[in-house]
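Peer 1:
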Amino acid sequence: MIVLLVLAVVGIGRLLSDGDDSGQLLDPVTPDATVSVDPSKDNDSVVQNDEPPKPAKTSRGTAAPEAVAYAFASAWVDHEGVSAEKWHDGIVPNATEDLADELDGVDPAGIPADRVVGRPELVPVGDGITDAVVTTDSGTLTLRMVAPDGRWLVDGIDWKRS
Numbered sequence: 681m682i683v684l685l686v687l688a689v690v691g692i693g694r695l696l697s698d699g700d701d702s703g704q705l706l707d708p709v710t711p712d713a714t715v716s717v718d719p720s721k722d723n724d725s726v727v728q729n730d731e732p733p734k735p736a737k738t739s740r741g742t743a744a745p746e747a748v749a750y751a752f753a754s755a756w757v758d759h760e761g762v763s764a765e766k767w768h769d770g771i772v773p774n775a776t777e778d779l780a781d782e783l784d785g786v787d788p789a790g791i792p793a794d795r796v797v798g799r800p801e802l803v804p805v806g807d808g809i810t811d812a813v814v815t816t817d818s819g820t821l822t823l824r825m826v827a828p829d830g831r832w833l834v835d836g837i838d839w840k841r842s
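Everything in the sequence shown is counted per this note's numbering, starting at 681 for the first residue and increasing by one.
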């Protein structure tokens, strides 16, 4: 049965071709190697950006990203005996609208941590974006921080169990 299928495919291919077997299917490859790095440098394909990311422009008097991250993380782990609505209301003040919408309806009973045990550590990601790494009693919560309207907010969450 397989032999018939293979013969049918080959036959259809020959019928659809123009009968010229000399055409190349691929462009020829040149044997010369192309050097794309300076061989005198010892950087072996490492891309290095010497400029640090630009900090976000925030409004005067707004909370620092560490404070926002700590407040969000504290509300995130506060899930014992609270309704989904009350839990959501606790995280909304420090979340972007997109993240708040994404977390709407989440059952707080599924939150894998019970308390924050460390201060947030900031890791710059790009211009106006930073990650806040927060240690909890059962893992690490990484919060993507942005300042779209001059105020730091959490825009994403990543969880890693320890």
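All C-beta atoms in this analysis are idealised placements derived from N, C-alpha and C, irrespective of residue type, glycine included.
Use the C-beta contact count for residue 829: other C-beta atoms within 10 angstroms, 16 or more gives buried, fewer gives exposed.
Peer 2: To locate residue 829, count along the sequence shown from 1; it is residue 149. Burial call: exposed.
Peer 1: Please report the distance separating the alpha-carbon of residue 792 from that of residue 798.
Peer 2: As a working note, residue 792 is residue 112 in the sequence shown. As a working note, residue 798 is residue 118 in the sequence shown. Answer to the nearest angstrom: the Cα atoms are 16 angstroms apart.
Peer 1: Between which two residues does the beta strand (DSSP E) harbouring residue 753 extend?
Peer 2: The residue you call residue 753 lines up with position 73 of the sequence shown. That residue, residue 753, is in no beta strand (DSSP E); its alpha helix (DSSP H) goes 745-757.
Peer 1: Within 10 angstroms of the Cβ of residue 794, are there 16 or more other Cβ atoms? Answer buried if so, exposed if not.
Peer 2: Mapped onto the sequence shown, residue 794 falls at position 114. Exposed.
Peer 1: Taking just the CA atoms, how far does residue 807 sit from residue 753?
Peer 2: Position 73 of the sequence shown, counted from the first residue, corresponds to residue 753. Position 127 of the sequence shown, counted from the first residue, corresponds to residue 807. Taking the straight line from one Cα to the other gives about 23 angstroms.
Peer 1: For residue 839, does the three-state DSSP call read helix, strand or coil?
Peer 2: Against the sequence shown, residue 839 aligns to sequence position 159. Three-state DSSP puts residue 839 in a strand.
Peer 1: So if DSSP puts residue 805 in a beta bridge, which residue, or which two residues, is it bridged to?
Peer 2: By 1-based counting over the sequence shown, the position of residue 805 is 125. Answer is none; residue 805 lacks a bridge partner.
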